[in-house]
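Participant: Everything in the sequence shown is counted per full-length UniProt numbering, starting at 1 for the first residue and increasing by one.
For each residue, glycine too, the CB sits at the ideal point set by N, CA and C.
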Amino acid sequence: MADELLDSALLRSGLKINHLRLILAIEDYRRISTAADSLGISQPAASRMLAEIEAIMKAPICERVARGVELTRYGEALARRARTIFLELREAAREINELKTGSGGSVSLGSVTGPALNLAVPAIRQVSTAYPGIEINVQIDNSNVLTRELLAARHDFVVGRIPDDLNPRLFNMVEIGFEEACLIVREGHPLLEKPIANADDLPGYEWVFQPPGTLLRRAVEDSFVSAGVRLPATVINTSSIILTLSIVRNTNAIAPVALDVANFVAGNGTPAGDIRVLPTQIPIRIKPYGLITAEGRALPPSAKLLYDLILKQSRA
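#1: Measuring only the C-alpha atoms, how far is P271 from L299?
#2: I'd like to know if the stretch 201–220 and the stretch 245–265 are in contact, where contact means that at least 3 CB-CB pairs between them fall below 8 Å.
#3: Quick check: what's the CA-CA separation for C62 versus E70?
#4: Rounded to whole angstroms, what is the Cα-Cα separation between L15 and R148?
#5: Any idea if G102 is buried or exposed, counting beta-carbon neighbours within 10 angstroms, 16 or more meaning buried?
#6: Spell out a yes or no on whether the stretch 286–294 and the stretch 161–177 are touching, meaning 3 or more CB-CB pairs, one atom from each, closer than 8 Å.
#7: Between the Cα of L117 and those of I53, N263, R315, spot the shortest distance and give me the residue it belongs to.
#8: If we call anything under 7 Å between Cβ atoms a contact, is R186 one with D260?
#9: Of all Cβ atoms in chain D, is any one closer than 7 Å to the Cβ of T238?
#10: Beta-carbon separation of A153 and L87 under 7 Å?
#11: Taking buried to mean at least 16 other C-beta atoms within 10 Å of its own C-beta, is G40 buried or exposed?
#12: Tell me the residue span of the beta strand (DSSP E) that contains V69.
#13: Can you name the residues that DSSP bridges to Y205?
#14: Does DSSP put G160 in a helix, in a strand, or in coil?
#15: Which value, in whole angstroms, describes the spacing of the CA atoms of R297 and D200?
#16: Could you compute how far the alpha carbon of D141 sits from the alpha carbon of I241?
#17: Need the endpoints of the alpha helix (DSSP H) that Y307 sits in, please.
#18: Determine the burial state of T280: buried for a count of at least 16 other Cβ atoms within 10 Å of its Cβ, exposed for fewer.
#19: Report the residue ranges of all beta strand (DSSP E) runs contained in full by the stretch 225–263; include only those spanning at least 3 residues, in chain order.
#20: Going by DSSP in three states, Q139 sits in which element: helix, strand or coil?
#21: Mapping the DSSP letters down to three states, classify T113 as helix, strand or coil.
#22: Determine the direct distance from the alpha carbon of M49 to that of I184, and round the result to whole angstroms.
#23: Following the continuous alpha helix (DSSP H) through T280, name the residue where it begins and the one where it ends.
#24: Identify the residues that DSSP records as bridge partners of L183: which are they?
#25: Quick check on E193: does DSSP put it in helix, strand or coil?
#26: How long is the line joining the alpha carbons of G228 and T214, rounded to whole angstroms?
#27: Kindly indicate which residue of G114, A51, I26 has the alpha-carbon position closest to the one of A258.
#28: Per DSSP, what kind of secondary structure is L166 in: helix, strand or coil?
#29: Could you check if L305 is buried or exposed, using at least 16 other CB atoms within 10 Å of its CB as the buried criterion?
Listed below in structure tokens is the structure:
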């Protein structure tokens, strides 16, 4: 019933692209204020747009719940079609650009840092060598950001994890590996004087974390709680690995990172080589990562090629 109402209304409605963007932002963030911020508009403007959408559709699009808002079945139907519209627009732009330039296609990939180093880079090298005209766009970020970019049709696929606050039915995921995490400090850090740092020593230092709610951040916090240790009081939040390494290298701060990242920066001969892995009693457990695609969305040939090479690389 919801889809039938939507189909009929869309044929004669005055819905605009910005209306559809707002619906997708509300679905992603579940708060009108946060959705408005993500679109660069004020909350009153977002509320007016929402009222316009409901007037056009003649149906309630979202409803208030204890922790924000949720889309109604009509809103979910509209969001589902909106994602398809944005995907088709992006694919049309891609196809036209490829026809104009005669290029070998393009791929947009999102990846968390560790798998980007040990899986994506070798696969990208193979694709670039075999198809010199191909254009590959890579975003390195945390899974919370990347999966939302995937839903917004800004990526073909993602190497990462599905966040707990997103509906897993929106995705298809093939698990391809486990990512080890560790703590890093600067060369000469006081805690390196011990063979293994005690759990009780860790909260006394400044920490550099990924933003709240990210999987690595939560894994570390869970480890602290399991060990009966208080959480660090002084925290710097950033998703930038470059900024993280800079802070760690120049202060006594501690930061959790993927072990592949730590090994890379500790042994690459650059100034970041002043970074060391901190042996500690606290294990950091992160759930497996995988190749993630959006449900119901087929990969274009160039993206499927890179996807298959990363999958093959993971199983080698």
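Facilitator: On the basis of the data shown:
#1: Because P271 carries a pLDDT of 45, less than 50, the predicted location of this residue cannot be relied on, and the following value inherits that uncertainty. Near 40 Å, if we compare the C-alpha coordinates of L299 and P271.
#2: Counting Cβ pairs under 8 Å, three or more are found: they touch.
#3: Near 5 Å, if we compare the C-alpha coordinates of E70 and C62.
#4: A straight line joining the alpha-carbon of L15 with that of R148 spans about 23 Å.
#5: Residue confidence for G102 is low, a pLDDT of 48 falling below 50, so the modelled location carries little weight; the figure read from the coordinates is stated next. So G102 counts as exposed.
#6: Note that the stretch 286–294 touches the stretch 161–177; at least 3 beta-carbon pairs, one per stretch, sit closer than 8 Å.
#7: Measuring from the Cα of L117, the nearest candidate turns out to be N263.
#8: No.
#9: Reference to chain D is not applicable here, since this structure consists of a single protein chain.
#10: Yes, they are a contact pair.
#11: Around the beta carbon of G40, a 10 Å sphere encloses fewer than 16 other beta carbons of the protein chains shown; the residue is thus reported as exposed.
#12: Looking at the DSSP string, the run of the beta strand (DSSP E) that includes V69 is 68–71.
#13: DSSP lists no bridge partner for Y205.
#14: G160 falls in the strand class under three-state DSSP.
#15: Per the coordinates, the alpha-carbon of R297 lies some 48 Å from the alpha-carbon of D200.
#16: Rounded to whole angstroms, D141 to I241 spans 9 Å at the Cα level.
#17: Counting along the chain, the alpha helix (DSSP H) containing Y307 begins and ends at 301–315.
#18: By the 10 Å Cβ count, T280 comes out buried.
#19: List check, beta strand (DSSP E) in window: 235–237, 255–258.
#20: Three-state result, Q139: strand.
#21: In the three-state reduction of the DSSP assignment, T113 falls in the helix class, which pools H, G and I.
#22: Roughly 46 Å separates the two Cα atoms.
#23: For T280, no alpha helix (DSSP H) encloses it, and the DSSP letter there is neither H nor E.
#24: DSSP links L183 through a beta bridge to P256, L278.
#25: Residue state for E193 is assigned as helix, using DSSP reduced to three classes.
#26: About 21 Å.
#27: Comparing C-alpha distances from A258 to each of G114, A51, I26 shows the shortest one belongs to G114.
#28: Coil at L166, not helix or strand.
#29: Label assigned to L305: buried.
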